[in-house]
Structure formats: C-alpha cells, structure tokens
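Heads up: the protein sequence lines correspond to chains A and B, in order.
Note that the working numbering has the first sequence beginning at 868, numbered continuously upward.
Note that the working numbering has the second sequence beginning at 868, numbered continuously upward.
Glycine included, each C-beta is placed from N, C-alpha and C at the ideal position.
I have placed the structure first, in the form of structure tokens, so that the comments after it can refer back to it.
2 protein chains.
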Amino acid sequence: MERLKTQMAFLLELDKLKSVIRRNHLADGSRLENDAEHSWYFAMAALLLAEHAVEPIDLGRVVRMALIHDIVEIDAGDTFIYDEAAKKDQAEREERAATRLFGMLPEDQARDLLALFREFEEHKTAEARYARAIDRIAAVILNHASAGKSWRLHGVPKERIVAINERIAEGSPALWDYIRELIEDASQRGFIAG
Amino acid sequence: MERLKTQMAFLLELDKLKSVIRRNHLADGSRLENDAEHSWYFAMAALLLAEHAVEPIDLGRVVRMALIHDIVEIDAGDTFIYDEAAKKDQAEREERAATRLFGMLPEDQARDLLALFREFEEHKTAEARYARAIDRIAAVILNHASAGKSWRLHGVPKERIVAINERIAEGSPALWDYIRELIEDASQRGFIAG
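Here it is in structure tokens:
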C-alpha cells in the first residue's frame, strides 16, 4: 500500500506536464501545444511509422521513451530546439529534474525510467535514434500544417530547419526524404521566413 | 511512398484529438482536459501501475490500447460516463467513427487498430479489463485532486460514482481498494454533491 501511494503521488505530479507549453502550434494553428498531448502524438507517430525505421527496433521501448521523454520539463521547462542559448544548460537542468521527478517513484521504477530517459537523450541505441527522428517529425508536420506558424513567429531560417532535422535520417532515411520534401514545400509556399 | 503519404494523412487527422474536450478537469482545476493529453496520462498510469493488474497482461498491448482508445472521439465526440442518454447511441457512433478514421490507414494497420479498439470496448481480455480500470482511475484521481470539480459541476451522487467505478476491481482489486478510499475521502471533504 505504501508503494501504491508513492506511485499515485508521482502520477498526480505528472498531471503538470499538461501545463508545460511548447513553441509548436496545433495543426490548425489555434493554440500552442502542451507537452502531454505532444507525448501522446509522438507515441502514436512512433507506432504508425515503425516500418520505416532503418534498424530493427523494440517498438515497445520506443513508445515508453515517447511517453516519458518530456516528463523532466515539469521542472526544467520546454527548451525550444532552435534556441541555442537555452540549450546550453538544458542537459544539466533536465538531469536535475529527472533525479527529482523519477526519484519520487519506488527505487526499481525510478531506476528504469531514469535509464530510459538517459537512453533517449544519448541517442546511442537504435530505439533512441528512431525515437529522436519521430520527435522531430511530429514538430515538422505540425509546423507545415499550420503554414509555418512557429517557424515564422521565431524567424527560423530554412538552413536551420534543415540542419536541425536532417538527424531524422539517422533513424529513418525514408522519413527524412519525406520531411525534406515537406520543408521544401513549406519554403516554396512562404511558410518559412528566411 | 504512397503508403507513407497515407500514414501521414492519418497522423495529421489525429492532431484533432487535442481539440476534443472531456468533462474532466486537470488536477489543479484550471481547465478541462482534452482527449490527447488524457490518452498520454492513461498510458503513463498503465505503465506505472502494471504490477497491480489482477491477471498477467501484455503491457505493450495495454499501452497501445490507451493511445488509440479515444481516437474515435474525433468524429463521435466525448461521451460523459455519467450521461446515460448520450451513452445509448455511443457504441454506434463510435463504431462508425472507427471505420472512417482507421479506414484512412493502409489495410493491415487499419485492421490491427480496429481490432485493438474493439478489444478495448468489449473488455473480454485481461488487457482490456486492466485498461478499463486504468482509464477510470485516471478520471477519479483528477476529480479528487480538483476537489471534485467535475462531479460537483454535473451533480453526480456518490452512489453513481461508486457504481461506475467499481468495475475497476475487474482489472485490479488492489487499485479498486485505493480508489474506493479516495471516493470516501472525497465524500467526507464535501467534494461530492449528493
């Protein structure tokens, strides 16, 4: 019963992820996306696009990574991928957050989730590389759908968009081909400022 | 490439789940929850509480159920579990929605997701029973945390809350014990109208 209470306290803390706001908009441009709904979207995309992964992957582990990858942002906040200044201390802030947040759980679960989070961050495994690719794809397709709302708002030039997203190829060359075309299309339609 | 385009069109359609609003509030009572963030929360709770399932379960299948269980609500809308009138044609509305939405996918994926959705709805397997329990638990703990905001707003009496949620025991007697105490606590604190 003590163990269950600990798990429930963590679950309640997790609700806060619904209030961590990203720089990305929904496809219809109506509002900014939050981390919890993004995590769901990422997990769904990982499920649907698994056949395009360049290496064999344990899809269950990728889905779990998607579900937990942003939990640290409850403490550390969302870091915009095009914000080089904020990215400088991102790893340190997120590591501290991971220790506190996952540390709320029973020791075995804390250890498992911390390891999974670090695996995602280090992108050294096939699962982490595919997961990273999907995380990026989710952002790009919503940016394209919303006529580049977030790209334009933050004045992100095309070269930066390509440079940040070409890492998708490490997880899936097929998906990178698709996304590169989408960025090209966005550029031609005037969805990108630079 | 045709297959990938089909998958991407479905993924874009999925973004609409972020705009389907539930009757439940966030834990802090600040706003209503949407289906996409609820689906993430459900999947996380399923992961964290798996050891309390009464039967052996394939946790990966439960997580996939959690992720897809509300997709039909893009067309069918959210049906409040305490709204008996709306529940009458719920199954019909959702089956029609499932056919259209999953039907956007390549045939093999459409078949798999439709089967998974129906398995969840029919709760005849251990996975579906555990998933149902977790779906209910997520709603109750947020209601309790928000001082019964949704229960009070809709005037749901304690007997109905117990009647609707006691099915949690089919997936996990341990979790039902916990939730029954939480409902009792909510009642004593005046979080329940009736």
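Exercise for review: Along the alpha helix (DSSP H) that carries His905/A, what are the first and last residues, could you check?
Suggested key: Here residue 905/A corresponds to residue number 38 of the first sequence, with the count starting at 1. According to the DSSP assignment, His905/A belongs to the alpha helix (DSSP H) that extends over Asp902 to Leu915.
Exercise for review: Report yes if the CB atom of Leu871/B is closer than 9 Å to the CB atom of Leu916/A, and no otherwise.
Suggested key: Mapped onto the second sequence, residue 871/B falls at position 4. Mapped onto the first sequence, residue 916/A falls at position 49. Result yes, Cβ atoms of Leu871/B and Leu916/A sit closer than 9 Å.
Exercise for review: Tell me, to the nearest whole angstrom, how far the beta carbon of Val887/A is from that of Ile941/A; I am working on the premise that it is less than 8 Å.
Suggested key: For the purposes of this step, residue 887/A is identified with residue 20 of the first sequence, where counting begins at 1. For the purposes of this step, residue 941/A is identified with residue 74 of the first sequence, where counting begins at 1. The C-beta distance from Val887/A to Ile941/A rounds to 6 Å, short enough to fall under 8 Å.
Exercise for review: Compare the beta carbon distance of Asp882/B and Ala1012/A with 9 Å and say whether it is the shorter of the two.
Suggested key: Taking the first residue of the second sequence as position 1, residue 882/B is located at position 15. Taking the first residue of the first sequence as position 1, residue 1012/A is located at position 145. In terms of Cβ geometry, Asp882/B and Ala1012/A form a close pair [threshold 9 Å].
Review point. Cβ atoms of Ile1031/B and Trp1043/B: under 9 Å apart, would you say?
Key: Translated into positions along the second sequence, residue 1043/B becomes position 176. Translated into positions along the second sequence, residue 1031/B becomes position 164. The Cβ-Cβ distance between Trp1043/B and Ile1031/B does not fall below 9 Å.
**Study point:** Own chain partners of His908/A with C-beta closer than 6 Å, once the 5 adjacent residues on each side are dropped
**Key:** Translated into the one-based positions of the first sequence, residue 908/A becomes position 41. Before going further, note that residue 908/A is Tyr rather than His in the sequence given. If we look at Tyr908/A and ignore the five residues flanking it on each side, its Cβ neighbours are Ala1005.
Practice item. Return the residue from the list His919/B, Leu914/B, Ala920/B and Glu951/B that minimises the CA-CA distance to Ala933/B. Key: Taking the second sequence and counting its residues from 1, the one referred to as residue 933/B is at position 66. Nearest option by C-alpha distance: Leu914/B.
Check your understanding: Taking only beta-carbon atoms, is Arg931/A less than 9 Å away from chain B?
Key -> Along the first sequence, read from residue 1 onward, the residue named residue 931/A stands at position 64. The beta-carbon of Arg931/A is placed less than 9 Å from the nearest beta-carbon of chain B.
Review point. Does the beta-carbon of Met868/A have 16 or more other beta-carbons within 10 angstroms, so that it is buried, or is it exposed?
Key: Residue numbering aside, residue 868/A sits at position 1 when the first sequence is read from its first letter. Result: exposed.
Check your understanding: Are the beta-carbon atoms belonging to Glu904/A and His892/A less than 9 Å from one another?
Key -> If you number the first sequence from 1, residue 904/A lands on position 37. If you number the first sequence from 1, residue 892/A lands on position 25. No, the Cβ-Cβ distance between Glu904/A and His892/A is not below 9 Å.
Exercise for review: Please name the residue in Leu879/B, Asp895/B, Ala876/B and Arg889/B whose C-alpha comes closest to that of Leu884/A.
Suggested key: Sequence index remark: in the first sequence, residue 884/A carries index 17 (1-based). The option with the nearest alpha carbon to Leu884/A is Asp895/B.
**Study point:** Complete alpha helix (DSSP H) runs within the stretch 1023-1060 of chain B (minimum length 4 residues, chain order)
**Key:** As far as the stretch 1023-1060 of chain B is concerned, its whole alpha helix (DSSP H) runs of at least 4 residues are 1025-1032, 1035-1038 and 1040-1055.
**Study point:** Backbone CA spacing between Gln874/B and Leu1009/A [nearest angstrom]
**Key:** Taking the second sequence and counting its residues from 1, the one referred to as residue 874/B is at position 7. Taking the first sequence and counting its residues from 1, the one referred to as residue 1009/A is at position 142. Taking C-alpha positions only, Gln874/B is separated from Leu1009/A by approximately 14 Å.
Check your understanding: Asn901/A touches chain B at which residues, Cβ-Cβ below 8 Å?
Key -> Along the first sequence, one-based indexing puts residue 901/A at 34. Neighbours of Asn901/A on chain B, chain order: Glu904.
Point to revise | Nearest to His1052/A (by Cα), restricted to the options Ala995/A, Gly1022/A and Val1029/A | key: What you label residue 1052/A is simply residue 185 of the first sequence in a count that begins at 1. Here residue 1052/A is Asp; the residue named in the question, His, does not match the sequence. For Asp1052/A, the nearest C-alpha among the options comes from Val1029/A.
Point to revise | Burial state of Thr946/B (16 or more Cβ within 10 Å) | key: Here the question's residue 946/B lines up with position 79 in the second sequence. With 16 or more Cβ atoms within 10 Å of its Cβ, Thr946/B is classed as buried.
Check your understanding: Are the C-beta of Phe969/A and some C-beta of chain B separated by less than 9 Å?
Key -> Numbered from 1 along the first sequence, position 102 holds the residue referred to as residue 969/A. Cβ-Cβ to chain B under 9 Å: no for Phe969/A.
Review point. At what residues does the alpha helix (DSSP H) containing Ile941/A begin and finish?
Key: To locate residue 941/A, count along the first sequence from 1; it is residue 74. Unbroken alpha helix (DSSP H) run through Ile941/A: Glu940 to Ala943.
Practice item. Could you tell me whether the Cβ atoms of Ala1000/A and Ser1039/A are closer together than 9 Å? Key: Here residue 1000/A corresponds to residue number 133 of the first sequence, with the count starting at 1. Here residue 1039/A corresponds to residue number 172 of the first sequence, with the count starting at 1. Their beta carbons are under 9 Å apart, which means Ala1000/A touches Ser1039/A by this criterion.
Exercise for review: With DSSP as the reference, please indicate the residues paired to His892/A in a beta bridge.
Suggested key: By one-based count along the first sequence, residue 892/A stands at place 25. Paired residue(s): Leu899/A.
**Study point:** Residues near Gln957/B by beta carbon distance below 8 Å, same chain, minus five either side
**Key:** As a working note, residue 957/B is residue 90 in the second sequence. Cβ neighbours of Gln957/B beyond the five flanking positions: Ala943 and Thr946.
Review point. How many angstroms separate the CA atom of Gly970/B from the CA atom of Ala977/B?
Key: Sequence index remark: in the second sequence, residue 970/B carries index 103 (1-based). Sequence index remark: in the second sequence, residue 977/B carries index 110 (1-based). C-alpha separation (whole angstroms): 6 Å.
Practice item. Determine the closest residue to Glu1033/A out of Glu918/A, Lys991/A, Ser897/A and Arg1047/A, with distance taken between C-alpha atoms. Key: To locate residue 1033/A, count along the first sequence from 1; it is residue 166. Among Glu918/A, Lys991/A, Ser897/A and Arg1047/A, the Cα nearest to that of Glu1033/A is on Arg1047/A.
**Study point:** Exposed unless 16 or more other CB atoms sit within 10 angstroms - verdict on Lys1016/A
**Key:** Working through the first sequence from its first residue, we reach residue 1016/A at position 149. Counting every other CB atom within 10 Å of its CB across the protein chains shown gives Lys1016/A a total of 16 or more, marking it as buried.
Practice item. Note down the Cα distance separating Ser906/B from Val939/B, rounded to an integer number of angstroms. Key: As a working mapping, residue 906/B is identified with position 39 in the second sequence. As a working mapping, residue 939/B is identified with position 72 in the second sequence. Approximately 12 Å between the Cα atoms of the pair.
Check your understanding: How would you write the range of the alpha helix (DSSP H) that Thr873/A sits in, first residue to last?
Key -> Here residue 873/A refers to the residue found at position 6 of the first sequence. First-last of the alpha helix (DSSP H) with Thr873/A: Glu869 to Leu881.
**Study point:** Tyr997/B: first and last residue of the uninterrupted alpha helix (DSSP H) it sits in
**Key:** As a first step, residue 997/B is located in the second sequence; it is residue number 130 there, counting from the start. First-last of the alpha helix (DSSP H) with Tyr997/B: Ala993 to Ala1012.
Check your understanding: chain A partners of His919/B, CB-CB under 8 Å?
Key -> Residue mapping note: residue 919/B aligns to position 52 of the second sequence, counting from 1. Correct list: Leu871.
Point to revise | Where Leu916/A meets chain B, residues with beta-carbon distance less than 9 Å | key: Working through the first sequence from its first residue, we reach residue 916/A at position 49. Within 9 Å Cβ-Cβ: Leu871, Gln874, Met875 and Leu878.
Exercise for review: Within the same chain, show all residues whose beta-carbon is closer than 8 Å to that of Pro923/B, passing over the 5 residues directly before and after it, in chain order.
Suggested key: Your numbering for residue 923/B matches position 56 in the second sequence. Counting only Cβ-Cβ distances below 8 Å, and skipping sequence neighbours, we find Ala993.
Check your understanding: Glu986/A by DSSP, collapsed to three states: which one?
Key -> Residue numbering aside, residue 986/A sits at position 119 when the first sequence is read from its first letter. Helix at Glu986/A.
Exercise for review: Compare the beta carbon distance of Gly927/B and Leu879/A with 9 Å and say whether it is the shorter of the two.
Suggested key: Taking the second sequence and counting its residues from 1, one reaches residue 927/B at position 60. Taking the first sequence and counting its residues from 1, one reaches residue 879/A at position 12. No; because the gap between Cβ atoms is not below 9 Å, this pair is not in contact.
Exercise for review: Answer yes or no: do Ala910/B and Tyr997/B have a C-beta to C-beta separation smaller than 9 Å?
Suggested key: Here residue 910/B refers to the residue found at position 43 when the second sequence is read from its first residue. Here residue 997/B refers to the residue found at position 130 when the second sequence is read from its first residue. Not closer than 9 Å, so no.
Check your understanding: Between the Cα of Ala876/B and the Cα atoms of Leu983/A, Leu1049/A, Arg1003/A and Val1023/A, which residue gives the shortest distance?
Key -> Taking the second sequence and counting its residues from 1, the one referred to as residue 876/B is at position 9. The shortest C-alpha separation from Ala876/B is found at Leu1049/A.
**Study point:** Candidates Ala1041/A, Val1023/A and Glu1037/A: closest to Gly1057/A by CA position
**Key:** Residue mapping note: residue 1057/A aligns to position 190 of the first sequence, counting from 1. That would be Val1023/A, whose Cα lies nearest to the Cα of Gly1057/A.
Point to revise | Below-9 Å beta-carbon distance, Gly1015/A vs any chain B residue | key: If you number the first sequence from 1, residue 1015/A lands on position 148. Not closer than 9 Å to any Cβ of chain B, the Cβ of Gly1015/A fails to qualify, so no.
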